[in-house]
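In my numbering, the protein residues as written are 24 to 814.
Note that beta-carbon positions come from the ideal geometry of N, C-alpha and C, so glycine has one too.
Since the structure is predicted, the reported quantities are computational estimates derived from the model, not experimental observations.
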């Protein structure tokens, strides 16, 4: 349990510095990768065409806080109601077509270089004069090569033409080269011509419009292009043509409105003339000079006529009374009623004369003059004459009054008829006047609108303003030299790192101690480094090599595993062949013998024995001879030369049935005899992952050393070890990692967990048979010790 906690603690100590040393061994690869990426970046920067970003600033009038009179409103720019629409207009192809036509951008000039071709726009030393184009809808390209400052060839043909003089013709049309400045001898150029719609469709998508300040009406208009001056001219012309287009659009509307107003005014003038002529004719025909006064007059005439008729009728009544009075014989000598109520003077005089005569007669009678008196008779005659005169006058008046009544009746009826006709005539006249007034009101309104529209036409300004013109720049945005170089360095480091990391991910072999400890809880007894010696026996009394010292460490660690077993039997197995069982068995036996313990190594891998051949020993008899009863145990042990306490027993002839042979009771008898005669028994058995020999021999062992070879044993085999460990199918399993190559930074063996990484070149260990470790390992260890001292 304590050992497991210690392992986990060690695993948790992996730091960034450890990861650094893990990859530092690939430093040459990283350096080469960075150099290649930087070279690729240089070539890219050399070959790529620079892109420049130029832009201007424009503002839209979106809010008008000024509140003035109508005249002020006319002369102020109208607000932009939809900014997004204006932005789309700025990026539209029709507007770009105006730009292309105005700036004459149909023709582009390119300088052909050895590496790249550049758009030279206004810096071109010549201009192409287009005399005639055969197909104005198709773009074309001309290659111009100057053989001298005054002569050139077109499309690499043999014919030469003179600058400023010769007109050349081809399938595209007729052209001439106009010189701008000299120094073109030996240079090559491309001239590309495109129709306006085509060129506009190329430039329009490049325009970008974005707010300069969030929430404001100020917008940036920019373009990315290979020629900074051309880009600036495009942006400036886009803004200028947008201003002109907005003014023209407004003027089109204003002109249409003004034309409509003028047409309506002319029509209304004709209508007014017609209406007024009809009205005047109607007034003249019906004598409607003053309808209201005339209506009052007719009413007055009717009223006066009625009043006169009443008066005359009253006079007629008075006449009838006087006439009846006079015609009554009883009233012959009586005064006649007064005629003052009658308005006729002659009647009044006649009545007054009649009454005077009556008064005179009455006075005579009062004087007692008899009626027969001539005076009385004379008065009677005068009375009769006066009465006849009055009656005559009354008849005349009666006739006159009847005639007057007829006249007044006629006048009244005529006035009444006129009154009845007046409303209809007045209504017709009012309708004419209303129609005239309506036309006059519309005429006046249109006159006002005509003046306002004319003022608007004179004061039309754009609803936008150019704040900042685009200026050409010499600093490209693409390619960004620093960014590309930084990217090259990142790729130069990152690609190898990713490749190495990917290799480690897909690697299914054991490379580090961590690969073992994360799968199984079985303890790692020790690690054995890669041996550069040609001999399988490394350890000796005088050998202080790193590998021999590692075996001594394993010998020390075994004390904790065997737990005071006096004469232990140690079984050594692995998952597959060639994982180093015989090498470990040989050298473990050697360190045991060097410790003064009598040790014997059993070559129990009877299927594929290697131990004796590795020790360069031979034996006439071996284990299989004993098991079949053809040899005694005392005959089997063979002393290993140079080691006083080390013996080995050969496997003997390879039998046809090794598994059944190991089940023989003599195996137990042999192990027991060896325990009694040796201090340590080491069994080199067959791989447990391939055959069952180790499982059969496990019951005789006190401990099992399971060999895992770095870079050879599969990680999935560690699960088999864990299964044996957890199920106790083999006794006291411990793991030895074999063939650990001290690669700089590889795994964690370079981390110095047990100090192995400091061996080579550090003075702590001897070389193996005069063979040094690789120089890269020695240099890495020196590099690592330097950092350790810093720490």
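Find the nearest neighbour of residue i within the set the options, judged by alpha-carbon distance.
i           : options               : result
residue 81  : 492, 689, 596 and 523 : 492
residue 417 : 160, 342, 527 and 688 : 342
residue 211 : 133, 476 and 756      : 133
residue 535 : 681, 760, 227 and 327 : 760
residue 516 : 48, 44, 54 and 43     : 54
residue 472 : 762, 287, 84 and 715  : 287
residue 229 : 276, 75, 677 and 415  : 75
residue 214 : 285, 422 and 128      : 128
residue 722 : 688, 514 and 742      : 688
residue 637 : 398, 664, 605 and 619 : 605
residue 581 : 324, 116, 305 and 725 : 725
residue 479 : 332, 116 and 271      : 271
residue 506 : 466, 567 and 61       : 61
residue 743 : 346, 596 and 639      : 596
residue 763 : 731, 145 and 757      : 731
residue 79  : 498, 261, 455 and 279 : 261
residue 155 : 187, 184 and 196      : 196
residue 737 : 533, 686 and 697      : 533
residue 609 : 652, 663, 457 and 656 : 663
residue 718 : 702, 756, 621 and 733 : 756
residue 545 : 183, 521, 751 and 118 : 751
residue 330 : 435, 371 and 291      : 435
residue 419 : 235, 173 and 368      : 368
residue 323 : 678, 292 and 437      : 437
residue 450 : 403, 311 and 563      : 311
residue 357 : 370, 340, 380 and 371 : 380
residue 661 : 621, 651, 268 and 682 : 621
residue 108 : 182, 180, 265 and 236 : 265
Is the CB-CB distance between residue i and residue j below 8 Å?
i           : j           : result
residue 427 : residue 373 : no
residue 706 : residue 592 : yes
residue 432 : residue 338 : no
residue 349 : residue 413 : yes
residue 704 : residue 623 : yes
residue 166 : residue 178 : yes
residue 148 : residue 207 : yes
residue 457 : residue 302 : no
residue 758 : residue 585 : no
residue 116 : residue 192 : no
residue 257 : residue 283 : no
Checking the sheet assignment: what are the DSSP bridge partners for residue i?
i           : result
residue 149 : 202
residue 703 : 622
residue 491 : 80
residue 140 : 135
residue 627 : 708
residue 216 : 130 and 163
residue 232 : 244
residue 190 : 199
residue 728 : 595 and 757
residue 169 : 175
residue 75  : 248
residue 763 : 552
residue 357 : Paired residues: none, contrary to the question.
residue 211 : 168
residue 737 : 532
residue 324 : According to DSSP, which records beta bridges pairwise, residue 324 is partnered with nothing at all.
residue 155 : 197
Flag residue i as yes if its beta-carbon sits less than 8 Å from any beta-carbon of chain D, otherwise no.
i           : result
residue 110 : The chain labelled as chain D is not found in the depicted structure, where only one protein chain is given.
Below 8 Å, how does it come out for the region 241 to 253 and the region 64 to 71: are there three or more Cβ pairs, yes or no? No: fewer than three Cβ pairs fall under 8 Å.
Considering only residues of the region 546 to 597, which uninterrupted alpha helix (DSSP H) runs meet the minimum length of 4 residues and lie entirely inside it, listed in chain order? Assignment of alpha helix (DSSP H) within the region 546 to 597, counting only whole runs of 4 or more residues, yields 569 to 585 in chain order.
Whole beta strand (DSSP E) runs in the region 636 to 701 with 3 or more residues, listed along the chain? Every beta strand (DSSP E) of 3 residues or more that sits fully in the region 636 to 701 is shown, in chain order, as 669 to 672.
Quick one: any contact between the region 120 to 136 and the region 206 to 221, if contact means 3 or more CB pairs under 8 Å? Touching, yes.
Extract the residue ranges of the beta strand (DSSP E) inside the region 237 to 291, only unbroken runs of 3 or more that lie entirely within it. The qualifying runs are 241 to 248.
Assess contact between the region 521 to 533 and the region 626 to 643, defined as three or more Cβ pairs (one per stretch) separated by less than 8 Å. Is contact present? No contact exists between the region 521 to 533 and the region 626 to 643.
Are the region 665 to 681 and the region 646 to 656 in contact at 8 Å, needing three or more beta carbon pairs? Between the region 665 to 681 and the region 646 to 656, the count of C-beta pairs closer than 8 Å reaches three or more; the two stretches touch.
Is there contact between the region 555 to 573 and the region 539 to 546, where contact requires at least three CB pairs shorter than 8 Å? With a cut-off of 8 Å, the region 539 to 546 and the region 555 to 573 do not count as touching, because too few Cβ pairs lie within range.
State whether the region 707 to 714 contacts the region 600 to 620, with contact taken as three or more CB pairs (one from each stretch) at a distance under 8 Å. Contact between the region 707 to 714 and the region 600 to 620 is present, because at least three Cβ pairs lie under 8 Å.
Touching by the beta-carbon criterion (3+ pairs, under 8 Å), the region 159 to 167 and the region 241 to 261: No, the region 159 to 167 is not in contact with the region 241 to 261.
Evaluate the contact criterion for the region 610 to 623 versus the region 576 to 590: three or more CB pairs, one atom per stretch, below 8 Å. Three or more beta-carbon pairs separated by less than 8 Å link the region 610 to 623 to the region 576 to 590, which places the two stretches in contact.
Which runs of the beta strand (DSSP E) fall wholly inside the region 381 to 425 and span at least 3 residues, in chain order? Correct list: empty.
Which residue spans inside the region 468 to 535 form an unbroken alpha helix (DSSP H) run of at least 4? If we require 4 residues or more, the alpha helix (DSSP H) runs fully inside the region 468 to 535 come out as 504 to 529.
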